[in-house]
Structure formats: C-alpha cells, structure tokens
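**Student:**
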Amino acid sequence: MFPPVLPVTRALLIANVVVFLLQSFLGDAVTVPFLQWPIDFTGNADDFARHAFMPWQPLTSGFMHAGLTHLLFNMLALWMFGSPLEATWGEKRFTTYYFVCLIGANLCQLLVSSWVLSGGGPAIPSLGASGAVFGLLLGYGMLFPNQRMIVFPIPMEIRARTLVIIYGALTLLFGITGMQSGVAHFAHLGGMIFGWLMIRYWRGQPPFGKRRPPGPRMRIVK
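The sequence shown begins at 0 in numbering that gives the first Met the number 0 and counts up one residue at a time.
(1) Alpha helix (DSSP H) containing residue 16: first to last residue?
(2) Once the 5 residues before and after residue 185 are set aside, which same chain residues still bring their CB inside 7 Å of it?
(3) Reducing DSSP to helix, strand and coil, say where residue 113 ends up.
(4) Go to residue 190, then tell me how far its alpha helix (DSSP H) extends in each direction, as first and last residue.
(5) Identify every residue that forms a DSSP beta bridge with residue 241.
(6) How is residue 35 classed by DSSP in three states: helix, strand or coil?
(7) Going along the chain, which residues of its own chain have a beta-carbon closer than 8 Å to the beta-carbon of residue 12, five neighbours each way excluded?
(8) Quick check: does the Cβ of residue 52 come within less than 8 Å of any heavy atom belonging to the ligand FMN?
(9) Give me the DSSP bridge partner(s) of residue 125.
(10) Please state whether DSSP places residue 54 in a helix, a strand or coil.
(11) Quick check: what's the CA-CA separation for residue 63 versus residue 9?
(12) Is the separation between the beta-carbon of residue 103 and that of residue 177 shorter than 9 Å?
This is how it looks when you write it as structure tokens:
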C-alpha cells in the first residue's frame, strides 16, 4: 500500500521539482551561487572567489540536484519515508525534523569538503536532498523498526531497522575509503546523525537530559 502524500511532504516535493526546473532553464550562471561550496581557509584556491561559501548554501543546496535520476531517487525516498513520519509527528514537528537533518547534513559535508580543500584538494560543491532523505530513513527505522519492506537492489523483504544499519554502514565505509567518489557520503551520514539526535532530544534520552513533565498548577487562594 502506497502512503498518501501529506501537505508538508507534498510542498517539499514540489519545491525540489521547481528548483530542478529552474536549474535546467537558467543554467550555471544562476545556480552555481546556491550550491554548497567548501570554505577556503588558505586563500590559495585558484579562482575561488567566484565560488565562495555563503551562509544560505547549506539550505539552498538541499533543493538542487545533479540530474533527473538524482532527483527521482531522492523524491521517491522523500515520499516513501516522509509521509509516514509526517502522519505520525504532524506537520510542525516533521518540518522541524526535515530541516534539521538537511542543514545538519550539509554542515557535516561542509566540514569535510573544506578540510579536503585545505589539504590541496579540489573545490567541489555539493548539492541534493540526500542528507535530509537519509535522516528520514533513520527516523522511519526508529519509529517503525519492524516494518518490512522491499528496497532496490535488495531482492527480499527486509526490516526497516536492518535497512538503516546497512545503509549507515555502507555510507560510513564509502566515506572513509572513497570507494564511491562523486557522492557526498558525509552529508548522508550527517543527516542520519542529526536525525538520531533530534529524536533522542524529543524523547528526553542521552546525550540530552530527561525532560521533566509539567508540574501541577498551583492556585493561590486569598
């Protein structure tokens, strides 16, 4: 059974598609400033001034995609995992979770790409909703751990919790070894980490303090 497309999920889907169409029609001259560029701490990167990091980029780059396949896979995952989470949490909490994962993921990628640049590596921008999508996957696995699903290319049913563990392990492996270049693996990892922290915060679990229930109201009688 396919999940219904709820309001916030629908708005995010539309926003990503609209931005992709703008990318396609307006070209690099308009889209390049909204990608996420690494920070040049050395001042030695060639011709880097035209592509400097700007504060809005961790947000805007999350609505941009490198191609149609990139967009389709991310939007499919946004729909599959976003709608059940929105139905469970409600619109406000789901929106908060999505943007915490998105910006947190891009900040993690920013740290890594800036470190690579400072070591003499290339200034490579990052883009895509994948970091937020991995956060949604993590959230889905935590809320519905025993939900069975079939996910390409795994040819069998698998529990959501197991899927999260597999994807998390592969992302960490690819990020450390560089086996799959051209993919922002640390953004994916960052989305999962920030998603995990957000849910732990809401639940009052470590590393956050336990939330106190509201105390009884007192009425002063004169």
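Backbone N, C-alpha and C fix where the C-beta goes; we use that ideal spot for every residue, glycine too.
**Tutor:** A quick look at the data gives this:
(1) On the sequence shown, residue 16 is found 17 positions in, with the first residue counted as 1. It spans 6-25 - the alpha helix (DSSP H) in which residue 16 sits, taken as one unbroken run.
(2) Walking along the sequence shown from the start, residue 185 turns up at place 186. Taken in chain order, the residues that qualify are 107, 108, 111 and 174.
(3) Residue mapping note: residue 113 aligns to position 114 of the sequence shown, counting from 1. Helix.
(4) Within the sequence shown, residue 190 is the residue found at index 191, counting from 1. From DSSP, the alpha helix (DSSP H) with residue 190 extends over 184-202.
(5) Nothing can be reported for residue 241: it is not among the residues displayed for the chain, which extend from 0 to 221.
(6) Walking along the sequence shown from the start, residue 35 turns up at place 36. Reduced to three states, the DSSP call for residue 35 is strand.
(7) For the purposes of this step, residue 12 is identified with residue 13 of the sequence shown, where counting begins at 1. Here the set comprises 4, 74, 77 and 78.
(8) In the structure shown, the ligand FMN is absent, as is every other ligand, since no ligand is present at all.
(9) Locating residue 125 in the sequence shown gives position 126, where the first residue counts as 1. Paired residues: 35.
(10) In the sequence shown, the residue the question calls residue 54 occupies position 55. Residue 54: coil per DSSP, three-state reduction.
(11) Position 64 of the sequence shown, counting from 1, holds the residue named residue 63. Position 10 of the sequence shown, counting from 1, holds the residue named residue 9. Near 16 Å, if we compare the C-alpha coordinates of residue 9 and residue 63.
(12) Locating residue 103 in the sequence shown gives position 104, where the first residue counts as 1. Locating residue 177 in the sequence shown gives position 178, where the first residue counts as 1. Taking 9 Å as the Cβ cut-off, residue 103 and residue 177 do not qualify as a contacting pair.
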